[in-house]
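Single-structure report; data block below.
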Amino acid sequence: MSELKAKKNWVTANDVALLAKVSRSAVSRTFTPGASVSDKTRKAVEAAAKELGYQVNIIARSMNTGSSNFIGLVTSGFDNPFRNKLLSPIVKRIALKGYIPLLINAGEPKQLEPKLRELFSYHVAGVILTSGAPPISLVEEYVERKIPVALINKQVNLDGTDQIFSDNQAGMQLVTDQLLKHNVSHIGFIGDCVSFSAQQRYQFLQTQLKNVNLEVSSVFTSSEGYQAGWQAASNLLKKKPNIDSLFCATDILAIGAMDYLRHIMPDRMLPIIGFDDIPQASTFPYQLTTVRQDTEILAENTVKLLMNRIRNFQLPSIRTRVPVELIVRKSA
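Structure, rendered in structure tokens:
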């Protein structure tokens, strides 16, 4: 063990510089994502840091520089299976770029603004919004401070932000084509009323069905969970008993609707299609036909665009559309 390490509990960047025989700034560059440093210097610094047990003081660095390697990652609750599936590859890619995700749970609409404002305290290098309806004024405040913002399946027409979407239009074409194979005539739609994705899927579905002269009836829920799907199926079938198929804007809504039909109206098991391809969709009780969102590509594009804007905030805003795929199972 180094004598220097044995003499004190807190090892500084100066200590690492002395042992590695490099400048203090070389140590800083070595541990700054994207900074220029030679391989020889990097190896010397990393070896010295390992020997001394040195860890970067991220809080101190953010105070000194006015920025940090924190990325704010905002999600609306942790009980949504699709968002959990999406968070994992985003967190992985953020870490591979040398950044640290700060996960913010904005499960309640009233929590969203204070949680987003809280990120200012951490001098975040950028923000990823995966859900919720962020107040435009607050997103504008991020942009005014030149903090890059990436939005997944959200729409904010604002310079300094990038948007990454799953291709809902193509998805609705796939859904329509699959339902037509079942000779349906009156399609039911279930979606939550606050989600941009649900609203867009409904609009595109209406357009597709109008083109083939099919009727659609809808129920919009105030939440997006399993119970909401159960209740929406009940409300929709009581209001429109002649519905002969269902499309649900998310898989979790579809699973709730399927269970309602299975347990309450077993003689009315209709063709049902969801959207997302969450892990539960492929399980034996459901075998749900669904439109798969590619979470790996969504994450890859999101982090790539955010890193580009961190390097150059003045880049034009980009809207990236990610392809989707129909996964056919027994439900339709």
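964 is the number that the numbering used here gives to position 311 of the sequence shown; each next residue is one higher, with no gaps. The beta-carbon is built from N, C-alpha and C at its ideal position, and this holds for glycine as well.
- Residue 941 and residue 982 have their alpha carbons spaced roughly 6 Å apart.
- For residue 667, the CB contacts under 7 Å within the same chain, skipping 5 residues up- and downstream, are 677 in chain order.
- A Cβ-Cβ separation of about 5 Å places residue 755 in contact with residue 725 under the 8 Å criterion.
- Within a 10 Å sphere around the beta-carbon of residue 917 sit fewer than 16 other beta-carbons, which makes this residue exposed.
- In the three-state scheme derived from DSSP, where H, G and I count as helix and E and B as strand, residue 963 is classed as helix.
- Of 776, 804, 768, 795, the smallest CA-CA separation from residue 782 is found for 804.
- Of 689, 675, 684, 853, the smallest CA-CA separation from residue 697 is found for 675.
- Annotation: the continuous alpha helix (DSSP H) that includes residue 668 extends over 666 to 673.
- Beta-bridge partners of residue 901 (DSSP): 843.
- Annotation: the segment 758 to 783 contains the following complete segments of the alpha helix (DSSP H) (minimum length 4 residues), in chain order: 762 to 771.
- Per DSSP, residue 871 is not a residue of any alpha helix (DSSP H); the beta strand (DSSP E) it occupies stretches across 868 to 874.
- Ranking 977, 878, 935 by CA distance to the CA of residue 733 puts 878 first.
- Contact between the segment 901 to 908 and the segment 861 to 871 is absent, with fewer than three C-beta pairs closer than 8 Å.
- Cβ contact annotation for residue 919 (same chain, cutoff 8 Å, sequence separation greater than five): none.
- With respect to the C-alpha of residue 959, the residue from 836, 743, 830 having the closest C-alpha is 743.
- The secondary-structure analysis by DSSP pairs residue 789 with nothing; it has no beta-bridge partner.
- Look at residue 753 here: in three-state DSSP terms it is strand.
- Residue environment: residue 663 is assigned as exposed (fewer than 16 neighbouring CB atoms within 10 Å of its CB, all protein chains considered).
- Take the alpha-carbon of residue 771 and the one of residue 723: they are about 13 Å apart.
- With a 10 Å radius around the Cβ and a threshold of 16 neighbouring Cβ atoms, residue 749 comes out exposed.
- Residue 849 has no beta-bridge partner at all, per DSSP.
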